[in-house]
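Notes to accompany the following structure.
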Amino acid sequence: MSNVATRFAPSPTGALHIGGVRTALFNWLFSKNQKGTFHLRIEDTDKERSKDEHKIQIIKSLKWLGIEHDGDEYIQSTKISDHINVANELLKNGNAYKCYCSAEEIEEQKKRARQKKLPYIYNRKWRDLPESEAPKDIRPVIRFKSKIEGSSILKDLVQGDVEIDNNTIEDFIILRNDGTPTYNLSATVDDHQMNMTHIIRGDDHKINTFKQMQIYLAMNWELPKFAHIPLIHTIEGKKLSKRDNASTLDDYSKIGVMPDALRNYLLRLGWSFEDKEIFTLEESIEHFNLEGIGKSPSKLDMSRILSMNEHYIKNIDENELYKNLVEYCEIYKEKMNPAKEVKIKSSLSFLKNKAKTLEDIYNNAKYIISDEVKFEDEDLKLIDEKAKKIIKEFNNNLSSLESLNKENLEPIVNELIKKYETNFKGVGQPLRVALTGSKFGPGLYDIVISLGKEEVKKRLDSKILA
RNA sequence: GGUCCCUUCGUCUAUCGGUUAGGACAGCUGGUUUUCAUCCUGCAAAGGGGGGUUCGAUUCCCCCAGGGACCGCCA
């Protein structure tokens, strides 16, 4: 095992976001490719918004996708005293200072900056003021003494060298006036304590990285390597946010996108390996690298997700597909009766032909899953007097058959077509509706054969068709 | 507004100075077909603009334009 260690650090404030899923995937793949470890850190220090149920949901979602973290999850809120200790140490070694500015004073500065159309940056008032001048009635925050002169370079594994003037980074707060640490401090201390070697995260963290690098430097800690991956955009080209629909993992699982398909789609969103499109889990681990990550943001494309899913539906082992279907139905539709397993499994070959999602397969298979045929008024209209005769005659002709197969069903249907001077649709559609309650669905012969002679007769004998 | 990042078919992308700019999804033809699909043919579709460097730029450099991210005592 190498010493490569990566992490995914979500805050448990909601359902797992699709952008977060991809970040987790990239971190996980990179560590696995490097024979390293992947860790999960729960950043639950925002007590207001953090919920245990979200944490559980996040872990479950990652597992659903095939991502499991090594070791226990690291709970940030349990490490707060460590963060505070580091803040005090920074205070002691002169890399941080107490700032006694009131909230009003800061607000005033921001307002003035806005008016002058200048960027707001804290004016570093207390950076050099002596403690003796501190007002008694204000509890100070602790600010990091950020570099003013020169510039810093981030050697980013995806973006290359990024240089920024140090004076554009303000003296950011590391400890609030209630004594709690802020994000940049906590994240840095945690990453160091967790011995992270590679920080792979969204582009939106780049400025944070410049702040965090300074903390590493001030503490004399070894710097991890950073890789900032471009964000996922909506079709309009904006950062995908929780407010956008179809932005969480659940949005996809609930319509019947399979984990492997989503994993494969996300893998290829912003990453490529030659012209290869389809990657098994093993292949993705084998080939994943940071070099293959593109620099430009990419848009989420539903039709690609669906066609990827369709590809998996058509190509994976049918036992595997059935497992996915059962799991899906249990969560989002209805629990499948185990007695139907054989029938559904053997019908999968044609049920899946018309499906882009597990939901489609479920809909196609409804006539098997449910013993009762429900009719829509609209469809019932198709069953006119002529249709009833056809159905009856078909039903009678069935009796003479030893077994059901396409070869012996076809002549019966063809004869009916001739006799009633119609086309296949004229015979097939009423029969399909009679047997399944729907105009759409698998081919007629597939339906009849899969139902079996007895069940077909039972359904065609229904009073509603008489 | 400041800082930083990005820019190849509608979308995801390949190309690491010389290609008829390739693939995939979507789209559109045609064929098979038993509705809807599947499947198979084929077609159409791209280097934001302007300067350099070079015998030669999508590729290297600069400028512009457009888009994006960040600018919390949230994470």
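So the first sequence is numbered by this note's numbering: it starts at 9 and just counts up by one. The C-beta atom is built at its ideal place from N, Cα and C for all residues, glycine as well.
Does the separation of the CB atoms of residue i and residue j fall below 8 Å?
i	j	result
L5	A95	Since the first residue of the chain shown is 9 and the last is 474, residue 5 is not available in this structure.
K144	Y105	no
M344	A254	no
Q220	T190	no
K250	H25	yes
Y273	I313	yes
I7	H319	The chain is shown only over 9 to 474; residue 7 falls outside these bounds and no answer can be derived.
N216	A13	no
D164	F218	no
I181	R151	yes
G302	P238	yes
D6	R132	One cannot answer for residue 6 here, as it falls past the ends of the chain, which runs 9 to 474.
I263	G27	no
E326	K353	yes
G44	N11	yes
May I ask you to report which of helix, strand or coil DSSP gives residue i?
i	result
H77	coil
Y273	helix
Y128	coil
S524	The requested residue 524 is not part of the displayed model; the chain covers only 9 to 474.
S408	coil
I92	helix
Y105	strand
V441	helix
G245	coil
L137	coil
D379	coil
P267	helix
I391	coil
D259	helix
L183	strand
K307	strand
G436	helix
I83	strand
Tell me, please, which residues DSSP counts as bridged to residue i.
i	result
L48	F16
I420	None; I420 has no bridge partner.
S159	D173
I301	W279
A235	I208
V149	C107
K43	Answer by DSSP bridge pairing: none, since K43 is not bridged.
Can you tell which of the options has its C-alpha closest to the C-alpha of residue i?
i	options	result
K155	N174, K68, G168 and P138	N174
D369	V334, I339 and K250	The amino acid at residue 369 is misidentified as Asp; the sequence shows Ile. Comparing Cα positions, the closest option is V334.
T205	T444, D258, R440 and R15	R15
Y260	W72, F34 and S58	W72
V464	N422, N403, K426 and E429	N403
D387	K119, S10 and V441	V441
G102	H77, P305 and I223	I223
M316	A347, L289, V265 and K351	V265
F46	E81, K59, K246 and G158	E81
T288	E299, L275, L298 and N297	L275
D469	G451, Y453, L443 and K447	L443
R147	I352, N185 and K63	N185
V149	I240, P127, T188 and C107	C107
L99	D392, K246 and A226	A226
G245	L277, Q201, L270 and P305	P305
W36	K426, P419, G445 and N297	N297
Does the stretch 11-21 come close enough to the stretch 52-72 that 3 or more CB-CB pairs lie under 8 Å?
yes
For the stretch 391-401 against the stretch 418-438, are there 3 or more C-beta pairs whose distance is under 8 Å?
yes
Is it a yes or a no for the stretch 405-424 touching the stretch 364-381, going by three-plus beta-carbon pairs under 8 Å?
no
Contact the stretch 372-381 vs the stretch 445-461: 3+ CB pairs below 8 Å:
yes
Touching or not, the stretch 159-178 and the stretch 64-71, by the rule of three or more beta carbon pairs under 8 Å?
no
Pairing CB atoms from the stretch 345-365 with CB atoms from the stretch 320-330, are three or more of them under 8 Å?
yes
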